[in-house]
Structure formats: structure tokens, C-alpha cells
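Counting from 39, one number per residue, gives the positions in the sequence shown under my numbering. Step one of this worksheet: look at the structure below.
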Amino acid sequence: MVLFPTYNRFPLSVQSATGAEITDINGKTYVDFGSGIGVCNLGHCHPIVQKAVEKQLHLYWHTSNLYENPIQSEVAAQITTHSHGDYVFFCNSGAEANEAAIKLARKVTGKETIITFQQSFHGRTFATMAATGQEKVREGFGPMLEKFSYATFNDLASVEQLIDENTAAVMLEVVQGEGGVHPADHEFIEGVATLCKKNNILLIVDEIQTGIGRTGKKFGFEHYQIEPDIFTLAKGLGNGLPVGAMVAKAAYKDHFGPGSHGSTFGGNPLAMASANAVLQIVFEDAFLDEVEAKASYLQEKLEKEIAPLASVQAIRQKGMMVGIDCDKSVAPIVTQLLEKGLLVLSAGDTVVRLLPPLIVTEEEIDEAIQLLKVVLATF
Ligand code: PLP
39 MVLFPTYNRF PLSVQSATGA EITDINGKTY VDFGSGIGVC NLGHCHPIVQ
89 KAVEKQLHLY WHTSNLYENP IQSEVAAQIT THSHGDYVFF CNSGAEANEA
139 AIKLARKVTG KETIITFQQS FHGRTFATMA ATGQEKVREG FGPMLEKFSY
189 ATFNDLASVE QLIDENTAAV MLEVVQGEGG VHPADHEFIE GVATLCKKNN
239 ILLIVDEIQT GIGRTGKKFG FEHYQIEPDI FTLAKGLGNG LPVGAMVAKA
289 AYKDHFGPGS HGSTFGGNPL AMASANAVLQ IVFEDAFLDE VEAKASYLQE
339 KLEKEIAPLA SVQAIRQKGM MVGIDCDKSV APIVTQLLEK GLLVLSAGDT
389 VVRLLPPLIV TEEEIDEAIQ LLKVVLATF
């Protein structure tokens, strides 16, 4: 092993994967309720996405952003047609999308401070690490990028207290994913949006985990009466190929002129071919109706079978994002479930997080619930 030990890896080596099923190198199969941390929203090797990428693979892979890239324009048009956003900048990851958002917010406003939230997660680069409201993420990395301040999630007064004449933006997740699956209250989010408008502050919504159908809507902010000035995407956008995007209103276009920002690989044609196919599927109303129906089915099962278990304190859910809050550290549960053939995630110490692919079947949900019940009952 000559890899930096930056990840605690489970003893699972993947051989292949289709839909919600992963097969390891020994032929053992697993139901995947993690989707590669909320990435493979359409399941593994979705045939339409695969075909689109295969087609592009035989055309060209990379030419740089020095030349026109029609697929980038197509993907951007899909995003802007299906949202209030007007302009898109493509990059390769969630952290990069948030970096772009932070840079743009400072440039547009000429102000410096970005208000984020305790328990938020925005990435691992210097700006996004500073934006992340979790001390453990920043530990040992020296002085952080300045001018980030942290309000309390779902507490409007705490945001108001931090606003001053140097506030450029408020940045938030509509459901804090890594922080334990905490959905924002309507009053809170809508109150933040009003505060931002009143004080000429930009509202940035980090949709990296909540976007692309994950919560049952195209973007998580659609659950609320808000229109963020900037929002960011990654994870599900490429369904497994690395891509991130920052989407913003037309008024900010000229602040990101030639030479102001860039990425060699941003908007890579293979990633764009994947994203183009993904969005054609996910942005269909019928597809999203089905996601909501499956999320309701999952919710019913969780309420009936899992909520009554003694070790379960609370279950929080927004569409296909679920947090099962337990009374102790869930690390052993994740391992036991893996041994039994169910892949889940944790979020923080005590939360089992489920991010099943949006194409999961009711049978796969039933199977997952049964395994969760067995393991949680003896926890
Ligand atoms: N923002 C949110 C809400 C996330 O959940 C994540 C990753 O988990 C990121 C940003 C960082 O994305 P990436 O790991 O692609 O840089």
C-alpha cells in the first residue's frame, strides 16, 4: 500500500456494479445504499449514461477550454432551463464549485465575510475547509483563510447577529448532509433569504449533496420559497464521472471574465457527456415523481420497522437522504451491515446515513430495511 492513509477503507474490493448492486472480487453482492457518497444517483453503469459516455469516448476526450465546447453549452442550458440560474462555470468537484462560488461572491460584492453554519460541510480546499463549520476538518492545517463566520443552523437570529457591512454572502446546505442529515426549517431558510435581500448579501446554496434529484426535486432549494443568487452542484451531476458546477444569476457574469477563474479539466467532454445524459433523465417530471413515491415508501418502512427500535433516537429524511440517529457510535453498525451485504454511510458519530440510488426498487428497499432491522435490533 503506497496510498496516503487519508481514508479508513472497509475491506471491500469492487469487481463490478450495476443499478443498486455491487459485486466484490469474491463474487459476493451488496445492495448499495451509499451511491458512492451520493454520486451514482442513477445507479451504477446506467445504460443511457454509459452509452452517452461511450459515444464521446470515441469522439474526443479533451481539447481544453481554449476552444468551444458544445456539450458544455448543452449541459449548462439544461441546468439554466430547469432553474432560475443564468450562467454556469464547470469544474471537477464539489469543493471546486464552492471555491468558485466564494470567489465570485467576494468579487461581485467587493466584501469579504462569508457566513456559513456550524456542522456544515463544504469541502477540503483552504477556502471550503474554512467555510466548513467543523473544527475536526480544519485541525492541524494552520491559519485558515480569513473572514468566515459560523452561525447556528436553523437559528435565524444567529445569522442576523453575524451580519455587518463587510458580509458578502451567506452559504448553506438545505439539508446538512455530512453534518448528520439535518434539513433546514422553512422559516429559517426563507428568513435567511429575506435577510440577505434586505442587506444586499448574496445567498449561496451548496447543492452538492442535495441537488440532481437527491431530495425528490431537481434542486433541494425548490422545497423552499427561495432563489439563491449562486448555487453549486457536483456529486450526482456526473453519476460517477468527476464534475462540479457553479450556477449564478446573469448580473454577475462580467465579474468572472476571461482570466478571472478557470480549470484545465473543468467541463471535460466525457464528464459533460455523462452529465448531459444524467440531466435528461433526472429533470423529467415523471422520474422525479417516481423518486418522491419511492422516498415515501422508504419513509413508511423506516417509520414502521426502524423508528420503534430501542437504539434509534430519531429518523430525519428529505427525499432519498436519510439519517438514522442512534444512541451510540454507529461505526460497528456500518461494518456489520457491510458484512451482511448492505452498504450504508455514517454522518458524524451517531448517524447512519442512507443515500440509495434514485432508481432503487421497492424490493431493494425491503431488503435494506430487513438488514437494518436485524443489525439495529441487536445494537
Ligand atoms: N459540499 C457538500 C454539501 C458535500 O457533501 C461535499 C462532499 O461530501 C462537498 C461540498 C465537497 O465535495 P467534493 O468532495 O466533491 O469536493
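Glycine included, each C-beta is placed from N, C-alpha and C at the ideal position. All values reported here derive from a predicted model rather than from experimental measurement.
Just measuring C-alpha positions, the residue of Glu-228, Gly-76, Asn-107 and Glu-216 sitting nearest Ala-195 is Glu-228.
One thing to note: Phe-186 has its Cβ no nearer than 8 Å to the Cβ of Ala-207. For the segment 170 to 215, the continuous beta strand (DSSP E) assignments of 3+ residues that do not extend past its boundaries occur at 186 to 189 and 205 to 210, in sequence order. Relative to ligand 1, the beta carbon of Phe-179 is positioned no closer than 7 Å to any heavy atom.
Along the length of the segment 287 to 370, whole beta strand (DSSP E) runs at least 3 residues long occupy 350 to 356 and 359 to 364, reported in chain order. Using a C-beta cut-off of 8 Å, the segment 336 to 347 makes no contact with the segment 157 to 173, since fewer than three inter-stretch Cβ pairs fall below that distance. Short of 6 Å from the beta carbon of Gln-337, and not among the five residues preceding or following it, lie these beta carbons of its own chain, in chain order: Gln-355. Counting along the chain, no alpha helix (DSSP H) covers Phe-417, and no H or E run does either.
Apart from the 5 residues on each side of it in sequence, Lys-287 sits with its Cβ closer than 8 Å to the Cβ of His-122, Gly-123, Asp-124, Tyr-125, Asp-267 and Ile-268 in its chain, given in chain order. Assigned with DSSP and collapsed to three states, Ala-283 falls in strand. In this structure the segment 53 to 64 does not lie against the segment 282 to 302, because fewer than three pairs of beta carbons, one per stretch, are closer than 8 Å. Residue state for Gln-247 is assigned as coil, using DSSP reduced to three classes. Just so you know, the alpha carbons of Ser-384 and Tyr-105 end up roughly 42 Å apart. One Cα belongs to Ile-371, the other to Glu-216, and the distance between them is close to 17 Å.
Thr-67 and Asp-365 have their C-alpha atoms some 29 Å from each other. In terms of side-chain proximity, the C-beta atom of His-96 is found no nearer than 7 Å to any non-hydrogen atom of ligand 1.
Residue pairing of Asn-277 in beta bridges, as defined by DSSP: Leu-279. The segment 248 to 267 and the segment 210 to 226 touch, with no fewer than 3 CB-CB distances between them shorter than 8 Å.
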